[in-house]
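Sequential numbering from 1 applies to the sequence shown in my numbering.
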Amino acid sequence: EADLDARARVIGDAIAPSLAEIAQQPASAERTLDSRELIEQIVQWSRHARSRVTIADSRGIIRASSSEKGIGLPVDEESRPGLRDAVRGRANVTVWKSPNFDFEDTMYVNVPVRYERRLVGAVRVAHSLQEIQQRVARVRSNLLAAVLVYAALLGLLTWILARGIVRPIEALQRDALQVASGQLSYRVRVHGEDEIAQLARTINQMTARLEVLEDLRRRFVSDASHELRTPLTTIRMAAEVLHANRSGFDPLT
1 EADLDARARV
11 IGDAIAPSLA
21 EIAQQPASAE
31 RTLDSRELIE
41 QIVQWSRHAR
51 SRVTIADSRG
61 IIRASSSEKG
71 IGLPVDEESR
81 PGLRDAVRGR
91 ANVTVWKSPN
101 FDFEDTMYVN
111 VPVRYERRLV
121 GAVRVAHSLQ
131 EIQQRVARVR
141 SNLLAAVLVY
151 AALLGLLTWI
161 LARGIVRPIE
171 ALQRDALQVA
181 SGQLSYRVRV
191 HGEDEIAQLA
201 RTINQMTARL
211 EVLEDLRRRF
221 VSDASHELRT
231 PLTTIRMAAE
241 VLHANRSGFD
251 PLT
């Protein structure tokens, strides 16, 4: 839109003197005035701008057109929407499916033309949006493909990282179950220096301490059993004697 507006204003500045001369002609001379030179200028401008160009004077009469259609006729709002408002001094932009562009989406920029601060006509520049829409569609397709590739790579990277994290945790869980089952001599395998490796070392230290405590417990039970065996035997024999005396039985006989 900005590009077409700039083209329209450049064209307007170039043809403003011609439109000012036309505006000075009496109304009866509108259809007899030779506009061939203006038409040739518009055709050249249209070729350079790669757009359709239409020129209307201050009375709303088409004076030149790159398509050479409607020249000398009043502006038709249905076929050239917005041009009449530009003739009245109001710039505007419209987008519609023009029959001149095989009913493609087309943008029309209508700009008033002034000469020495006098409104002398209007310029209409039209350009099909099909090329822009095709470029946007290509960019959109490329972006979609890039996003899909990025998502696939991100998913693969995430899976690899997850496997790298989950596998050591699963191995640590299996080792911890071995220790929990009572195998205090079992040691967890340590790989690397990360947090999981630190946790494995901590489990090994805890297991080593539990193993020492278990050895101490067994030794205490063994020593206590040995130390208590003789007193217990004596107490048992005394108890048997007391029991025999109460029952009138002399165990010595």
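The C-beta atom is built at its ideal place from N, Cα and C for all residues, glycine as well.
Give the C-beta separation of residue i and residue j to the nearest angstrom, bearing in mind that I take them to be a contact with Cβ-Cβ under 8 Å.
i           : j          : result
residue 125 : residue 53 : 6 Å
residue 59  : residue 71 : 14 Å between Cβ atoms; not a contact.
residue 18  : residue 46 : At roughly 16 Å, the Cβ-Cβ gap does not stay under 8 Å, so residue 18 and residue 46 are not in contact.
residue 107 : residue 1  : 6 Å
With distances taken between CB atoms, is the gap from residue i to residue j smaller than 9 Å?
i           : j           : result
residue 93  : residue 112 : no
residue 22  : residue 121 : yes
residue 207 : residue 184 : yes
residue 200 : residue 212 : no
residue 105 : residue 133 : yes
residue 95  : residue 9   : no
residue 5   : residue 91  : yes
residue 61  : residue 73  : yes
Going by C-alpha to C-alpha distance, which of the options sits closest to residue i?
i           : options            : result
residue 20  : 57, 245, 11        : 57
residue 127 : 18, 187, 51, 96    : 51
residue 42  : 219, 13, 24        : 13
residue 186 : 199, 204, 79       : 204
residue 39  : 7, 59, 11, 24      : 11
residue 79  : 153, 68, 99        : 99
residue 24  : 115, 67, 47        : 115
residue 179 : 155, 209, 76       : 209
residue 68  : 241, 82, 44        : 44
residue 15  : 119, 82, 226, 176  : 119
residue 195 : 220, 182, 164, 224 : 164
Consult DSSP for residue i and reduce its assignment to one of helix, strand or coil.
i           : result
residue 104 : strand
residue 292 : What is shown of the chain runs 1 to 253, which leaves residue 292 out entirely.
residue 150 : helix
residue 109 : strand
residue 119 : strand
residue 76  : coil
residue 57  : strand
residue 90  : coil
residue 30  : With a pLDDT of only 46 at residue 30, under the threshold of 50, the placement of this residue in the model should not be trusted; the figure read from the coordinates follows. In the structure shown, residue 30 sits in coil (DSSP, three-state: anything other than H, G, I, E or B).
residue 185 : coil
residue 243 : helix
residue 190 : coil
residue 131 : helix
residue 66  : coil
residue 50  : coil
contact_flag[the region 136–153, the region 162–182] where n(CB pairs < 8 Å) is 3 or more
Contact fails between the region 136–153 and the region 162–182, because fewer than three Cβ pairs, one in each stretch, are under 8 Å apart.
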